[in-house]
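A.B. asks:
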Amino acid sequence: MKSFHQLMRTPLRSLLGLLLIAASCAMLCLGVGQYEAEVEARDGLEGRFTTVAVPTNKYMIEYVYDADGHVIGVSYYSSQPFEIDAFIRSIPESYPQLEAKEASHGLISASCPKLQPINVAALSENLRLSGEGDTMTLPSDQPYTEAMLEVEIEKIGKPHRDEYLSENENSGVEIELEGKVLSVIALESGYRDPTGSRVRLTARFANEESFYALGLEKGSRCLAFGMDYTDDELELRRRIAKSEFADIADIYDDIDLSDIHMFSAEERRKADRLNPGLNIVAEYRYSDMYAESLSKADLDMIGRVSLTVVNDPLILRSAVDADTVTERIDGKRVEVTAEKYRAKYSMPALVKLDGSAEEYLRSEAGVEWRKWQEICDIDYHAVPVIATPNIKAVAQFAAEEAEITEGRGFEKEEYSQGAKICVISDTLAQRSSLNVGDKLKLSFYELDESFAARTGSTYLRTANVAAAYYSPLRGFAAEEEFEIVGLYRQKNEWSDGTYAISPNTVFIPEGSVACEEYTSNSGIFSSMTIKNGSADELEGILREKGYEGLFVVYDQGYSTVKAELESFFGVSRSTLLGCAAIWLVLTAAFTILFPLNKRVDAERMLSLGAPGRDAVRHILLSGLGITVPGTVIGTAMAFFLSGGLIERLGVAAGVGIRLSVPPRTIVLIAVCQLAALALLILLAAWTVSKKARNIRRKKR
Amino acid sequence: MPYLITRMRRRPMRCLLSIICAAAVCGAIFGLFAGERSMDKSIDAVYAELPVKCAITNLRGTRSEGLNIPGWAVNLFFQDERYGPSHPETIFLGYIKEVSAQTSIQALIAQKPYTLVGLTDRGAARELADGGGRIIVWREGYDESFFSGDESGCVVPNGLSQLESVTVEVAGVETVTAELRVIGTYFGTGDKANTIYCTWEAVCDIELNANHGITASSLSAVFSDNRRIDEFWEKCGSKYFAFVDPEGVPQEWGVTMYRYYPFALAIYDDTLKSTVASLEQSKITFMIFGDIMTALALVFGFLLGELITKAREQELALQYILGLTKSRVIAEVMAEQLTLSLLGFGLAIGLLFAAIGISPPWLKIAIAAAAQIIGFLIAALRAVGKKSPELTKGVE
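From first to last, the protein sequence lines are chains P and C. Start counting the first sequence at 1; every next residue gets the next number (the numbering used here). Start counting the second sequence at 701; every next residue gets the next number (the numbering used here).
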């Protein structure tokens, strides 16, 4: 107690000691805290920049040269050649310095009644497309063009084989029917209601007999189901709008078709002279200066929709008269009889109605039609879902063509845990009245490769991927509830670029659903993340290997600010070292002022005859009497500063500062400091005890 | 002065402690300031080097290509009266550089329809940019710098590769014919390719002659000074364009020509903002640390002064008894402490200046030094300011 009394006798000195210890402890904690904050900031910044290498199609093109070495032809492949694919796959192992990680994105289809996908066929936006993309990249209207209509027949054409089909007798016959839409049984909601419109039905039947067996005649009513519904008037409006207006999405409905000026005989003669063979009969006048010429066929499109109905699945296989056909089941080819094939893959096409359409659908005969009406509803709410191991590695995001505008992307652990979360486009969210935080019950289904009529172009695409048609034969593979955590926006929706995605595309973390995925080694499906700042190195490797131009690397400008970011990270290290140096100075000051100073007192005690243990105890107690409370105060200060003061000061300065030192770190630092100081005090005590022993020895 | 040094030499440890404390405080302030400056430099560099683009888009910001941008908007970016009315009060060119634009016009080549596309640079056509799917094979002596010139040349699809030149016919208000030399061929995606790529200048000339005006399909630029983006928007951008609105609600403009803004101007500065925000956060952390350290200097100074003067209480009292005035005693203590503090500060400044090479934060250091000196002064006044009997008692 005497030692404590002595401390109380010099309150200012003791206070200084306390302050030194507290300050040193707090300083070290804050130093570590700022370093951790900087590490967090660095991770955040590094995370903001993702260097992504996306394979280009350079090596998917094969040139054909003539004898003089001129290119005379080009072949395109939908996937990377084997050699290139093998090289890409070898990069992570062969060049570990790149820290390369392959990112293979998989396509699944999913339907959700809450989703109202955008049907590009019903949009004015698709007229922006150059039309020069290929089938692998052009936006797809699949699977929203299925339609079931009640039609009154007005005209029945003669059965014929068209130019393309005539080469193959096994493709059946075509009959053009004209009529009027009486009611809509199933149609994607993006289309305008065609009730009352003229309709052009192209009936594809196995043979004339099967068509005539329906007993259709002028004035008959029928139900028609097809998969290629087109609003012809919309197409015409689109064409007119495309020629002139800036933002067609806003104004193309303003195109007043009554503004079409029909040519006089003289004007027609003049038009024929200028455009021979085009049969120009009218024009749409945008202004006094501009006009769009219209032919007779164009005018026929006004107020008309069209649909193709197919009554035999073998027509699509060009095997109408075949006895057997091959069927792909689980990737294997199996020979089946035509009858079996028909029984399995038939879909409704055209049926004459005696009563109302509702009565027919309710009847026993209408069971199949009802089933397909429900299937239409599944398809109208279907979207392509990309399961990704890293959303930032998706080419559109890496190239900053798409960005999360609301909410967030996926966190690292969410990929590994397969979290049930998703990111959708703000366009899809708006159309479906959804927002971040809403939940979607997604029913996943797989592409049925065996169902010829419903395979579409899903697995040919390398961009603008679309949902597959739902196959009732395969059903749903999984059903899961996903939470929307972010919305993305693209700079160019509905483009036909090599890595384009449609705004219907939904992203989910890889592994969040157990379902068969479709993927490829090209287009949007394949990419590779590499260490930030190593783009040049990768390009060097490609040059060296002779694969120049194999990748296009996106780093969002990281390489331009690399040096600055590195120096930024260097400063935090220096600050940590600075804090450690201050800690050292303050600790040294304390050691000089207390344990070493108290040693003089202790020696005085010894010379006055006090027992050695008393002198040692004096040093220990007076030293620890300052050190322990000082460290406790310092720890409390560190908690206080890191737990809010710095943040509040930051807020006052207009910047959000996160300087949260984990309590465990603070306690660890405090324990280390205590241990270091205790060691110093013990050292001082040991020297005193040694002196005491010497004095005793001398006395003896 | 020599006596001052003699006195200091009698207490080397205490003097050293004073120097170390002063140096530590000064070093910490200087170090934190250096960190702050380093952040400033990084922020400046990020502002200077990170390219930020702006582009004309539809109102929802979901389309920046395939637009029909009228001449007046094109002129904002090019400041060329051929394109449309001039806008002397809002000079876009003062804020932007590297304008990237595309224009297109329908043309006939040997009675077949083609699209003539004028580009300011290869990247202006997405399909020609890296990874865009189309690859140009240039004829000898040409490369992509061709697009930035005004040569009457063109890059044609593979199907026209045998030609040396093409004659294009454009029917507009007037029919214009132009001869374009084939200087390259492109391959890649697009089986039905009917696009002819030319320079921006060449297509603009044809378009101006044929239609007496131009429209651009896309128009974007890079900001020349990222710090002036807000100023640009306030003074120029907002005068002609709407801000991107995800809902696409038309905003009233009310100029003679348009009731609503026909286009939005998207500014893609998210990466810049988030990068700068991180750096700013670190900078403010350093600033706050520096301010805390300056405040602590006052407390340290006071306590150190208290400690040192307390330890020298007897000596000071003795000086007083021997005839020195109180003010003289205090002056001597202060002179000594001032010397030690200055030595400590000088040492820290010298070392850090040599290591970092930036000028120290004189104001903060002066405040810290003053704080320490004030601390000493208060402590010295408290020690010597006692009544004479107490001082004498202390000596006895």
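For each residue, glycine too, the CB sits at the ideal point set by N, CA and C. In this text the structure is predicted, and so the values were computed from the model without any measurement.
1) If you measure beta-carbon to beta-carbon, which residues of the segment 941–953 of chain C are closer than 9 Å to chain P?
2) Can you tell me whether Gly853/C is buried or exposed, with buried defined as 16 or more other CB within 10 angstroms of its CB?
3) So, is the C-beta of Tyr703/C closer than 9 Å to a C-beta in chain P?
4) Between the segment 958–980 of chain C and chain P, which residues of the former have a C-beta closer than 9 Å to a C-beta of the latter?
5) Tell me whether Leu704/P sits in a helix, a strand or coil according to DSSP, three-state version.
6) With three or more beta-carbon pairs closer than 8 Å as the criterion, would you say the segment 473–481 of chain P touches the segment 489–503 of chain P?
7) Nearest chain P C-beta to Cys715/C closer than 9 Å, yes or no?
8) Determine, using beta carbons only, whether Val181/P and Glu154/P come nearer to each other than 9 Å.
9) Reducing DSSP to helix, strand and coil, say where Met27/P ends up.
10) Below 8 Å on the Cβ atoms is my contact criterion, and I expect Ala638/P with Cys25/P to pass it. Report the Cβ-Cβ distance as a whole number of Å.
11) At least one CB of chain C closer than 9 Å to the CB of Gln673/P: is that the case?
12) Please state whether DSSP places Ile21/P in a helix, a strand or coil.
13) Around the C-beta of Tyr469/P, are 16 or more other C-beta atoms found within 10 angstroms, so that it is buried, or is it exposed?
14) Alpha carbon to alpha carbon, what distance is there between Met987/C and Tyr886/C?
15) Of all Cβ atoms in chain C, is any one closer than 9 Å to the Cβ of Gln430/P?
16) Quick one: is Gly546/P near chain A, going by C-beta distance under 9 Å?
17) Find out if the Cβ-Cβ distance for the pair Ile61/P, Gly888/C is shorter than 9 Å.
18) If you drop the 5 nearest sequence neighbours on each side, which residues of the same chain put their C-beta closer than 8 Å to that of Ile791/C?
19) Closer than 9 Å between beta carbons: that is the criterion. Which residues of the segment 465–495 of chain P meet it against chain C?
20) At what residue ranges does the segment 858–926 of chain C contain a whole run of the beta strand (DSSP E), taking only runs of 3 or more?
21) Please state whether DSSP places Val715/P in a helix, a strand or coil.
22) Can you tell me whether DSSP reads Trp583/P as helix, strand or coil?
23) Is Met301/P helix, strand or coil when you go by DSSP?
24) Under 9 Å, Cβ to Cβ, is there at least one residue of chain C near Arg48/P?
25) One question on the structure: do Tyr795/C and Gln806/C come within less than 9 Å of each other, judged by their Cβ atoms?
26) By Cβ distance below 7 Å, which residues in the same chain neighbour Lys562/P in space, the five residues on each side in sequence not counted?
27) Does Gly226/P come out as helix, strand or coil in the three-state DSSP assignment?
28) Whole angstroms is fine: what's the gap from Ala467/P's alpha carbon to Phe87/P's?
29) Can you check whether the C-beta of Leu750/C is within less than 9 Å of a C-beta belonging to chain P?
30) Would the segment 294–312 of chain P and the segment 216–234 of chain P be scored as touching if the rule is three or more Cβ pairs under 8 Å?
31) Using a threshold of 9 Å, state whether the C-beta atoms of Cys726/C and Gly1044/C are closer than that.
32) Flag Arg826/C as yes if its beta-carbon sits less than 9 Å from any beta-carbon of chain P, otherwise no.
33) Could you name the residues that DSSP lists as bridge partners for Tyr415/P?
34) With distance defined between alpha-carbon atoms, name the residue in Ser433/P, Lys114/P, Ala676/P, His381/P nearest to Glu947/C.
35) Near Gly630/P, which residues of its chain fall below 6 Å by C-beta distance, leaving aside the five closest residues on each side in sequence?
36) Considering Leu105/P, what are the terminal residues of the beta strand (DSSP E) in which it resides?
C.D. replies: So, to answer that:
1) For the segment 941–953 of chain C, the residues whose beta carbon sits under 9 Å from a beta carbon of chain P are, in order, Val944, Pro946, Glu947, Gly948, Pro950.
2) Of the other Cβ atoms in all chains shown, 16 or more fall within 10 Å of the Cβ of Gly853/C; this residue is therefore buried.
3) No, no contact with chain P.
4) Hits within the stretch, in order: Tyr960, Pro962, Phe963, Ala966, Tyr968, Asp970, Thr971, Leu972, Ser974, Thr975, Ala977, Ser978, Leu979, Glu980.
5) It is not possible to answer for residue 704/P, since the shown part of chain P is limited to 1 through 700.
6) A contact is defined here as three or more CB-CB pairs under 8 Å, and the segment 473–481 of chain P fails this definition with respect to the segment 489–503 of chain P.
7) Under the 9 Å criterion on CB atoms, Cys715/C is classed as non-interfacial with respect to chain P.
8) No.
9) In this structure, Met27/P counts as helix in the three-state DSSP scheme.
10) Yes, they are in contact, since the Cβ atoms of Ala638/P and Cys25/P sit about 7 Å apart, within 8 Å.
11) With 9 Å as the cut-off, Gln673/P does not count as an interface residue toward chain C.
12) Of the three classes helix, strand and coil, the one that applies to Ile21/P here is helix, per DSSP.
13) Using a 10 angstroms sphere on the CB of Tyr469/P, the tally of other CB atoms reaches 16 or more, which defines it as buried.
14) Roughly 56 Å between the two C-alpha positions.
15) Taking a beta-carbon distance threshold of 9 Å, Gln430/P counts as an interface residue toward chain C.
16) In the structure shown, chain A cannot be found, because the protein chains are P and C.
17) Contact flag set, yes.
18) Counting only Cβ-Cβ distances below 8 Å, and skipping sequence neighbours, we find Gln779, Cys936.
19) Listed in sequence order: Leu487, Arg489, Gln490, Lys491, Asn492, Glu493, Trp494, Ser495.
20) If only uninterrupted beta strand (DSSP E) runs of at least 3 residues are considered, those enclosed by the segment 858–926 of chain C are 865–871, 875–888, 895–899, 918–923.
21) Outside the shown range of chain P, which is 1 to 700, sits residue 715/P, and nothing can be said about it.
22) Note: Trp583/P maps to helix in three-state DSSP.
23) Coil.
24) By this cut-off, Arg48/P is an interface position.
25) Cβ distance not < 9 Å, so Tyr795/C and Gln806/C don't count as in contact.
26) Counting only residues of its own chain and dropping the five nearest sequence neighbours on each side, Lys562/P has a CB closer than 7 Å to the CB of Gly533.
27) Reduced to three states, the DSSP call for Gly226/P is strand.
28) Using only the alpha carbons, I get a separation of about 31 Å.
29) Yes, because at least one Cβ of chain P sits closer than 9 Å to the Cβ of Leu750/C.
30) Cβ pair count under 8 Å is three or more, so yes.
31) In terms of Cβ geometry, Cys726/C and Gly1044/C form a close pair [threshold 9 Å].
32) For Arg826/C, the answer is yes, since a Cβ of chain P falls inside 9 Å of its Cβ.
33) Answer is none; Tyr415/P lacks a bridge partner.
34) Closest by alpha carbon: Ser433/P.
35) Exclusion of the five residues before and after Gly630/P leaves Leu18, Ile21, Ala22 as the residues of its chain whose Cβ lies within less than 6 Å of its Cβ.
36) For the record, residue 105/P in the displayed sequence is His; it is not Leu. Per DSSP, His105/P belongs to no beta strand (DSSP E) and is neither H nor E.
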